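Participant: So in our numbering, spot 33 of the sequence shown is number 140, and the numbers just go up one at a time. By construction, the Cβ of each residue, glycine as well, lies at the ideal position given by its N, Cα and C atoms. Every value quoted in this text rests on a predicted model; they were computed, and no experiment measured them.
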Amino acid sequence: MSNIPANFTDGVFTITDDNSLSATLLMSNGDQSLSGLLPYGRAQVVTESRGAVVGLRKGARAFPTISVSATLAGPAADFQKLALGKTATAVSTTLDIGDLFAVDFDFSFDYGGETRSYSGEDMVLTSMEITEGEVSTISFEFTVYGPLSLDAVAVITAR
């Protein structure tokens, strides 16, 4: 375990499609979050009988979400176009199971000799918000439907 905490200046968020196209979001705000991550990517099912717990089982899939934001440079920059599947030669990572456009992702924190990351597959953009202000920002919300790893340790092992 590291004694050096990661902070907002350390992160790089990169997405990649199945045609090896990649784009990196410049994390100028340092705002990102991973939420809804459960062991095995499954909800917990608790079975009770007369007030006593008699079963603890893995239940339905629980899909984590990722939120990232940055200072707006251009509404149609490379990252936005790839996230939307609007790059000319983009190929979805989920083409084999449907027509929603998905990408793989990697979020890495690097500080000197310390490196940490989480990465995963089959992430679908669920919301993109552009906000005018001083400064203008762009925010993305994604849902992860594939495997997910924390520092190369698989947390969710399959789609």
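In the DSSP output, what is Ile245 paired with across the bridge?
Facilitator: Residue numbering aside, residue 245 sits at position 138 when the sequence shown is read from its first letter. Per DSSP, Ala177, Ile237.
Participant: According to DSSP, is Gly148 part of a helix, a strand, or is it coil?
Facilitator: Here residue 148 refers to the residue found at position 41 of the sequence shown. Of the three classes helix, strand and coil, the one that applies to Gly148 here is helix, per DSSP.
Participant: Since Leu128 and Thr194 should fall inside the 8 Å C-beta cutoff, what is the C-beta to C-beta distance between them, to a whole number of angstroms?
Facilitator: Taking the sequence shown and counting its residues from 1, one reaches residue 128 at position 21. Taking the sequence shown and counting its residues from 1, one reaches residue 194 at position 87. That belief holds up - the Cβ atoms of Leu128 and Thr194 are roughly 6 Å apart, short of 8 Å.
Participant: So which of Ser199, Ile245, Thr264 has the shortest CA-CA distance to Asp138?
Facilitator: Locating residue 138 in the sequence shown gives position 31, where the first residue counts as 1. Here the closest residue by C-alpha is Ile245.
Participant: Rounded C-beta distance between Phe186 and Ala261? I'm assuming under 8 Å.
Facilitator: Walking along the sequence shown from the start, residue 186 turns up at place 79. Walking along the sequence shown from the start, residue 261 turns up at place 154. Wrong, their Cβ atoms sit about 26 Å apart, outside the cutoff.
Participant: I need the DSSP call for Ala190, collapsed to helix, strand or coil.
Facilitator: Within the sequence shown, the letter at position 83 stands for residue 190. Three-state result, Ala190: helix.
Participant: Determine which residues share a DSSP beta bridge with Asp125 and list them.
Facilitator: Position 18 of the sequence shown holds residue 125. Beta-bridge pairing links Asp125 to no other residue.
Participant: To the nearest angstrom, how far is it from the Cα of Leu255 to the Cα of Gly220?
Facilitator: Along the sequence shown, one-based indexing puts residue 255 at 148. Along the sequence shown, one-based indexing puts residue 220 at 113. Rounded to whole angstroms, Leu255 to Gly220 spans 24 Å at the Cα level.
Participant: Closer than 6 Å by C-beta to Phe208: which residues in its own chain qualify, once you throw out the five before and the five after it? Chain order, please.
Facilitator: Against the sequence shown, residue 208 aligns to sequence position 101. Cβ within range, chain order: Gly192, Ser199.
Participant: For the putative contact between Asp229 and Arg266, defined by C-beta atoms under 8 Å, what is the C-beta separation to the nearest angstrom?
Facilitator: Here residue 229 refers to the residue found at position 122 when the sequence shown is read from its first residue. Here residue 266 refers to the residue found at position 159 when the sequence shown is read from its first residue. Asp229 to Arg266, Cβ: 6 Å. Contact.
Participant: Given that a residue counts as buried once 16 or more other Cβ atoms are within 10 Å of its Cβ, and exposed if not, what is Thr178?
Facilitator: If you number the sequence shown from 1, residue 178 lands on position 71. Classification for Thr178: exposed.
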